Amino acid sequence: FGRPAYLRQCVEMSLRRLDVERIDLYQLHRVDPATPMEESLGELRAMQGEGKIRHIGVSEVDVATVKAMREIVDVVSVQNLYNLTERRHEDVVDYCDQEGIGFIPWFPLATGALAEKGGPLARIVERHSATAPQLALAWLLRRSPVMLPIPGTSSVYHLSENCGAADVQLTDDEYADLASLQCLWYGAAPMSAARLEQAIGALGPVLGQLFGQTEAPMFISALSPSEHLHADGTLATERFTSAGRPTPLP
15 FGRPAYLRQC VEMSLRRLDV ERIDLYQLHR VDPATPMEES LGELRAMQGE GKIRHIGVSE
75 VDVATVKAMR EIVDVVSVQN LYNLTERRHE DVVDYCDQEG IGFIPWFPLA TGALAEKGGP
135 LARIVERHSA TAPQLALAWL LRRSPVMLPI PGTSSVYHLS ENCGAADVQL TDDEYADLAS
195 LQCLWYGAAP MSAARLEQAI GALGPVLGQL FGQTEAPMFI SALSPSEHLH ADGTLATERF
255 TSAGRPTPLP
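Sequential numbering from 15 applies to the sequence shown in my numbering.
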């Protein structure tokens, strides 16, 4: 998935679907262990020079990798898993803050056991007459000025609720209390492949309930449908229906 030819095809397909001449921010969502980083980023840099991409971002990387990438391209954003319950990338947030690089936390609304009745987040929610997701976003926004949460939403109501997080002002003590909590959902160890597969599998019914009969494209590079490789190496471009079944794009 990091091969130059594949990345170029993905960019061209995104440009066609979005009906634009340039993608303002194109993110390399994973580092391909089978492809030298210089080749993957070099292709994105070439397309940047061609005017197809304006800015380049990366995802799921550590500080050392970001530094190495910045020797090849100008990295303007980093998108890593980060929220109240998952803090393994604290050093990446600090580095982005120091260097003025946008940090996009994916899965930003996760609160886990923190929001359970009697939990620390639940107590703060009551004091602010806010929701747990709003507090989760408020904490992220307070965490760093380079923080750029992109919470998903299934309705105008949820969009309004998410925007309301900007009006929540945590006190210094509330912010410190939340910042000092241990990760209660994932724990300190990385999520196992089996656990990740289980989590992804659970999304099918949830997406069906959220979107009904509406097709729900996966968020992969410029909000495109999911793009990946079949076992034989051929490109598979699919979109997911409410029933969770991938259907080929025309």
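All residues carry an ideal CB built from backbone N, CA and C; glycine is no exception.
For clarity, every value in this text was computed on a predicted model and none was experimentally measured.
Straight-line measurement puts the Cα of Ala129 at about 22 Å from the Cα of His103.
Residue state for Pro165 is assigned as coil, using DSSP reduced to three classes. In this structure, DSSP gives Val75 a state outside helix and strand, which the three-state scheme calls coil.
Taking the Cα of Ala146 as reference, the smallest distance to any Cα among Leu155, Ala136, Ala190 is reached at Ala136.
Only exposed fits Arg141, as fewer than 16 other CB atoms lie within 10 angstroms of its CB.
At least 9 Å separates the beta-carbon of Ser91 from that of Val107.
Counted as a single uninterrupted DSSP element, the alpha helix (DSSP H) harbouring Asn176 occupies residues 170-177. Bounds of the beta strand (DSSP E) holding Ser91 are 89-95. Rounded to the nearest whole angstrom, the C-alpha separation of Tyr40 and Gln183 is 32 Å. Each of Val160, Gly114, Met161, Asn176 was checked against the Cα of Thr167, and the nearest Cα belongs to Asn176.
In this structure, the beta-carbon distance from Asp46 to His69 does not fall below 9 Å. When secondary structure is reduced to three states using DSSP, Ile70 falls in the strand class.
Within the region 79-157, the runs of alpha helix (DSSP H) that reach at least 4 residues and sit entirely inside it are, in chain order, 104-113, 134-142, 146-157.
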